[in-house]
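Just so you know, we're using the working numbering here: the sequence shown kicks off at 9 and counts up by one. All C-beta atoms in this analysis are idealised placements derived from N, C-alpha and C, irrespective of residue type, glycine included. Reviewing the structure listed below.
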Amino acid sequence: MKKSDKSKLFLLDHLNLFKCPVCDSDFEEILDNQLICSQDHTFDISKKGTLHFLMKPSKTEYSKDMLLSRQHIAKMGFWQPMLDVLYSLLKEKGGTTLDAGCGEGSHSAYLRERGLAGPVIAFDISKEGINLGAATYEDLFFLVADLAQSPFQSEQFDTILNILSPSNYKEFKRLLKDGGQVIKVIPGQDYLIELRSFQTKERQFYSNENVKDKFIEHFEDLESHPVRYAVELTDREIKDFLKMTPLGWNVKVTENDYKSLRKITVDMEILIGNKTA
Ligand SMILES: [Zn+2]
């Protein structure tokens with residue numbers, strides 16, 4: 009089946025999850041390859057099966073090159089130990105999942121592979137990221153949208169994933185069902201510390217206290233699960249690694265420095281919070 013037809017079927021089955029980001033009204037039908045709201049705003053289903061809900065073009069720092077590097081790093085298993093822990097903590101493995109700020113989609117794709125069931129919608133403000141995700145992975149529904157003007161109905165989601173990506177807690181609470189959960193992954197103090205040592209002094213130290221405090225303000229029944237492991241990289245993987253993270257973009261690292269980047273510390277915290285009625 010063509011990707012656009014597959015998306016059309018998904019949309020028809022799940023129209024209740026979406027609303028028009030222009031006028032907030034319901035989507036009532038799909039004609040040809042267009043999703044149409046009750047005020048006649050239209051959104052095209054692309055050949056790749058994606059939808060584009062941005063009201064104005066966004067400038068992201070995500071180049072195709074950088075996204076391909078991210079994909080290589082994800083494929084070599086860089087995030088796998090963290091995602092395995094995250095998967096084991098998921099209380100709801102069959103509800104409706106929203107991956108908010110999915111980048112090129114590799115995290116949700118891995119969780120799907122592990123057994124995450126139910127509809128999974130992955131969105132990002134980066135069109136390049138969404139295109140790459142949709143070209144690579146099946147069984148996820150990809151769309152381009154802005155968290156500040158999202159195309160989703162209220163109280164439809166059981167789980168919101170927010171992995172190393174910006175949040176909008178007011179919006180997360182609107183989107184979650186009562187009892188729904190947000191799972192947010194944030195860097196810990198020693199996250200990529202080997203790369204951090206190439207940074208200027210003030211960027212060498214990192215604390216996640218502020219981010220954590222904000223999260224605690226908004227959700228109930230909080231859980232925090234630290235995850236820490238090391239990943240060994242080949243020279244080729246180091247090249248991808250340097251392109252993958254903003255921490256690698258403004259540092260001068262030559263091949264002579266690679267020996268200090270062969271083993272990278274991945275220190276993160278998985279935060280889980282619930283929305284209560
Ligand atoms: Zn509309």
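- Rounded to whole angstroms, the gap between the alpha carbons of SER54 and LYS11 is 9 Å.
- PRO127 places its beta carbon less than 7 Å from that of HIS22.
- Inclusion of GLN189 and ILE280 in the CB contact set at 7 Å is warranted, their separation being smaller than that value.
- Looking at ARG270, LEU106, LEU151, GLY137, the one whose alpha-carbon comes closest to that of MET74 is GLY137.
- Beta-bridge pairing by DSSP links GLN189 to THR167, ASN282.
- Per DSSP, the beta bridge partners of LYS271 are GLU240.
- One thing to note: ILE133 has its Cβ within 7 Å of the Cβ of SER66.
- Using a Cβ-Cβ distance cut-off of 8 Å, the stretch 26-33 and the stretch 144-162 are in contact, since at least three pairs of beta carbons, one from each stretch, lie closer than that value.
- Secondary structure of ILE224 (DSSP, three-state): helix.
- When the beta-carbon positions are compared, GLY196 and GLU277 come within less than 7 Å of each other.
- In this structure, ALA82 keeps its C-beta atom at 7 Å or more from the C-beta atom of SER116.
- With a cutoff of 7 Å on beta-carbon distance, VAL274 and VAL239 are scored as near each other.
- With three or more CB-CB distances shorter than 8 Å, the stretch 91-110 counts as touching the stretch 179-194.
- When the Cα atoms are used, MET90 and LEU19 turn out to be separated by approximately 31 Å.
- Around the beta carbon of MET63, fewer than 16 other beta carbons sit within 10 angstroms, so the residue counts as exposed.
- Taking 7 Å as the cut-off, the Cβ atoms of GLU100 and ASP48 do not count as close.
- A distance below 6 Å between beta-carbons, with the five flanking residues on each side excluded, links THR144 to no residue of its chain.
- For ligand 1, residues qualifying as neighbours are CYS28, VAL30, CYS31, SER33, CYS45, GLN47, HIS49, where qualification means a beta carbon closer than 6 Å to at least one of its heavy atoms (chain order).
- Between LYS135 and GLY123, the alpha-carbon positions lie close to 27 Å from each other.
- By the beta-carbon neighbour count (other beta carbons within 10 angstroms, threshold 16), PHE213 is exposed.
- Secondary structure of LEU155 (DSSP, three-state): coil.
- Between LEU151 and LEU59, the CB-CB gap stays under 7 Å.
- Distance between GLU202 and LEU17, taken at the CA atoms: about 46 Å.
- The secondary-structure analysis by DSSP pairs SER205 with nothing; it has no beta-bridge partner.
- Positions of the alpha helix (DSSP H) runs, each at least 4 residues long and wholly inside the stretch 26-102, are given as 72-83, 88-97 in order along the chain.
- Taken atom to atom, the span from the alpha-carbon of ARG211 to that of THR104 is near 38 Å.
- Here DSSP, grouped into helix, strand and coil, assigns PHE149 to strand.
- The C-alpha of VAL193 lies about 31 Å from the C-alpha of LYS14.
- Excluding five sequence positions before and after LYS251, the CB atoms of its chain that fall closer than 6 Å to its own CB belong to MET74, SER77, given in chain order.
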